[in-house]
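In structure tokens form, the structure reads like this:
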């Protein structure tokens, strides 16, 4: 009995040291205006010692859909180079004012490359100066 208890204590103490560091969290939010729910949002973050992944989903609900009908779905993934985050890909799918928009980026050798962009021509977007 003493030996089993000692082994159990050892495994409980050693497990966090031997296990890879993994963290995952999900935050769920609802925003209210005058006690009426208008927005739901979910943020998910997954971290390991060598990589990360995040997702954000935001959408209007109830009465707010009559006025805005918005949806945002953003996702990103990457890895860690030492203490620095190095993105691998990013995607954003948005419905704003009844219009669908999508943007996709991929990083190659630290340089972002646009993989998808719809709508292509949009006067609402500002030009981004070169780095």
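Numbering (the numbering used here), first residue to last: 9 to 139. C-beta: ideal position from N, C-alpha, C; glycine also. None of these values were measured; they are calculated from a predicted model.
Inter-residue Cα distance where the pair is residue i and residue j
{"i": "residue 60", "j": "residue 72", "result": "33 Å"}
{"i": "residue 85", "j": "residue 67", "result": "22 Å"}
{"i": "residue 89", "j": "residue 98", "result": "18 Å"}
{"i": "residue 111", "j": "residue 95", "result": "15 Å"}
{"i": "residue 70", "j": "residue 91", "result": "43 Å"}
{"i": "residue 106", "j": "residue 63", "result": "22 Å"}
Counted within 10 angstroms of its Cβ, other Cβ atoms place residue i as buried (16 or more) or exposed
{"i": "residue 121", "result": "exposed"}
{"i": "residue 22", "result": "Residue placement at residue 22 cannot be trusted, given a pLDDT of 45 that sits under 50; the coordinates are not used to answer."}
Beta-bridge pairing of residue i - partner residues as DSSP gives them
{"i": "residue 101", "result": "81 and 110"}
{"i": "residue 55", "result": "31 and 60"}
Residues near residue i in its chain [Cβ-Cβ closer than 6 Å; skip 5 each side]
{"i": "residue 50", "result": "36 and 65"}
{"i": "residue 93", "result": "86"}
Beta carbon proximity, residue i to chain B, threshold 7 Å
{"i": "residue 85", "result": "Note that chain B does not occur in the displayed structure, where there is just one protein chain."}
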